[in-house]
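Report on one structure; see the data block that follows.
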């Protein structure tokens with residue numbers, strides 16, 4: 080499926096670009112969640128929450144990344160925040176109370192987008208994520 | 009007239025026919041269209057934006073219509089088939105006959121969650137997982153691992169006692185019956201059952217597991233029980249609510265049905281307990 084491969088390649092490229100800008104955060108690792116003193120929602124929408132800080136770590140052998148995203152289009156229901164597992168975007172969503180869910184753990188809110196990314200890695204048991212909007 | 013029965017009371021023949029109709033919908037491709045629709049709403053329904061299938065007052069009428077569509081599809085294969093319901097307050101064990109090899113098959117194995125027996129196991133060759141969020145194409149379950157206990161009848165009763173159908177802000181932060189039944193608040197009924205089953209049932213593509221329909225048929229029955237307990241309480245909001253389906257507003261994706269059209273289940277089916 081060439082279309083899927085192209086999408087995956089684009090997603091991976093986007094993830095790499097993000098990484099370049101997030102180098103300082105990589106070093107701080109676990110501190111990022113504690114720091115959640117975050118940027119303004121770059122979409123300009125007021126969802127009643129500021130966007131959480133970016134993160135970038137290797138969890139159980141897989142790279143998980145999260146960052147605020149501009150545009151916040153239709154897909155970014157995290158209120159302008161995107162999460163990636165090995166470069167493939169994981170659909171995440173922020174609940175009204177500030178908790179998070181993802182498409183692979185949709186009925187089980189966790190406190191932060193990093194926790195949603197880790198829950199996804201646990202759930203995937205090594206399987207490759209199908210990048211949305213393919214799913 | 010369609011009668012929806014407790015799955016625990018089905019005869020061997022009723023189970024066989026239900027399973028055969030599911031397999032035929034799967035074979036023809038119609039089954040996966042339901043999975044796709046559900047995932048689209050799961051991804052699209054947001055607390056601060058448009059919300060229809062989940063985290064909103066229309067969670068209950070939306071799933072009632074969704075199940076009706078699915079039941080009609082089953083009946084187009086075998087007119088004798090109706091949707092059974094799973095009363096998880098009563099049949100709350102991995103050893104329940106629900107999970108028998110003659111019905112839905114059992115738990116997934118520890119290593120990768122793969123369901124190894126029953127008509128929907130990957131080994132049967134009849135149940136490929138096509139609409140998926142990851143690379144795995146086999147049905148998975150991890151019964152009781154992510155959360156130990158299914159809701160109890162006392163917990164269900166505590167939610168049925170709530171007299172208000174739903175409340176502003178009409179989302180996952182709401183008080184009232186709908187959100188406590190859905191599970192974003194309080195003792196957590198519907199959401200917890202998805203988590204208890206695990207595998208695809210815990211994801212946006214949860215209808216990949218046939219138990220989805222039996223779970224939602226019971227949630228739907230609890231709505232009917234709530235109506236019976238609170239005859240003076242109706243669906244809200246009534247009108248003029250942005251992003252939320254009001255009582256007389258059409259619901260996507262059908263656009264030809266409103267919550268008001270779906271309040272009385274007896275227009276479409278009865279339950280074995282209705283008497």
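Residue numbers (the working numbering), protein chains in the order written: chain E, 80 to 214; chain P, 9 to 283.
Glycine is no exception: its CB is placed at the ideal position from the N, C-alpha and C atoms.
Please read these numbers as outputs of a predicted model, since none were measured by experiment.
Neighbours of residue 149 of chain E in chain P, taken as residues at a C-beta separation under 8 angstroms, are lacking, since the least C-beta distance is about 18 angstroms. For the stretch 128-139 of chain E, there are no residues whose beta carbon sits under 9 angstroms from a beta carbon of chain P. Relative to residue 132 of chain P, the option among P/138, P/124, P/139 whose CA is nearest is P/124.
The C-beta of residue 115 of chain P has 16 or more other C-beta atoms within 10 Å across all chains shown, which makes the residue buried.
Taking a C-beta distance under 8 angstroms as the contact criterion, residue 189 of chain E and residue 51 of chain P do not qualify as a contact pair. For residue 198 of chain E, no beta strand (DSSP E) encloses it; the enclosing alpha helix (DSSP H) starts and ends at 192-203. Residue 184 of chain P has its alpha-carbon roughly 11 angstroms from the corresponding atom of residue 241 of chain P. Using a Cβ distance threshold of 8 angstroms, residue 245 of chain P and residue 192 of chain P do not count as a contacting pair. Interface with chain E (8 angstroms Cβ-Cβ cutoff): residue 75 of chain P is excluded. Annotation: residue 15 of chain P is outside any alpha helix (DSSP H) and is labelled neither H nor E by DSSP. With three or more CB-CB distances shorter than 8 angstroms, the stretch 191-207 of chain P counts as touching the stretch 184-200 of chain E.
Under the three-state reduction of DSSP, residue 146 of chain E is assigned to strand.
Considering only P/152, P/253, P/38, P/27, the residue with the shortest C-alpha distance to residue 127 of chain P is P/27. Annotated three-state conformation of residue 163 of chain E is strand, per DSSP. Across the structure, residue 225 of chain P and residue 38 of chain P are spaced so that their CA atoms are roughly 19 angstroms apart.
Under a criterion of Cβ atoms nearer than 7 angstroms, no residue of chain P is adjacent to residue 165 of chain E; the nearest Cβ is some 11 angstroms distant. Exclusion of the five residues before and after residue 60 of chain P leaves 49, 53, 66, 70, 253, 259, 260 as the residues of its chain whose Cβ lies within less than 7 angstroms of its Cβ. In this chain, the alpha helix (DSSP H) harbouring residue 80 of chain P covers 67-85. For residue 57 of chain P, same chain residues with a beta-carbon under 7 angstroms away, outside a window of 5 residues either side, are 251 in chain order.
Residue 144 of chain E does not reach chain P, its nearest Cβ partner there being about 17 angstroms away, counting only Cβ pairs nearer than 8 angstroms. Pairing residue 167 of chain P with residue 194 of chain P gives a Cβ-Cβ distance under 8 angstroms.
In the displayed model, residue 40 of chain P falls within a helix according to three-state DSSP.
Contacts with chain P at 8 angstroms (Cβ-Cβ) do not include residue 171 of chain E.
Contact annotation: residue 96 of chain P and residue 158 of chain P have beta-carbon atoms nearer than 8 angstroms.
Residue 153 of chain P is outside the set of residues whose beta carbon lies under 8 angstroms from a beta carbon in chain E. Residue environment analysis places residue 256 of chain P among the exposed positions, since fewer than 16 neighbouring C-beta atoms fall within 10 angstroms of its C-beta. Per the DSSP secondary-structure output, residue 142 of chain P pairs in a beta bridge with E/208.
Of all residues in the stretch 174-193 of chain E, only 174, 175, 176, 178, 181, 182, 183, 184, 185, 186, 187, 188 come within less than 9 angstroms of chain P when Cβ atoms are compared, listed by chain position. Of the candidates P/63, P/111, P/137, P/75, the residue whose Cα lies closest to the Cα of residue 34 of chain P is P/137. In this model, residue 32 of chain P and residue 85 of chain P are separated by some 7 angstroms (Cα to Cα).
For residue 154 of chain P, the CB contacts under 6 angstroms within the same chain, skipping 5 residues up- and downstream, are 203, 206 in chain order.
Residue burial is scored here from C-beta neighbours: residue 262 of chain P has fewer than 16 other C-beta atoms within 10 angstroms and is therefore classed as exposed.
Looking at P/117, P/238, P/15, the one whose alpha-carbon comes closest to that of residue 93 of chain P is P/15.
Residue pairing from DSSP places residue 136 of chain E in a beta bridge opposite E/143. In the assembly as shown, residue 23 of chain P is a buried residue. Its beta-carbon has 16 or more other beta-carbons within 10 Å. Closest in alpha carbon position to residue 149 of chain E, among E/172, E/206, E/130, is E/130.
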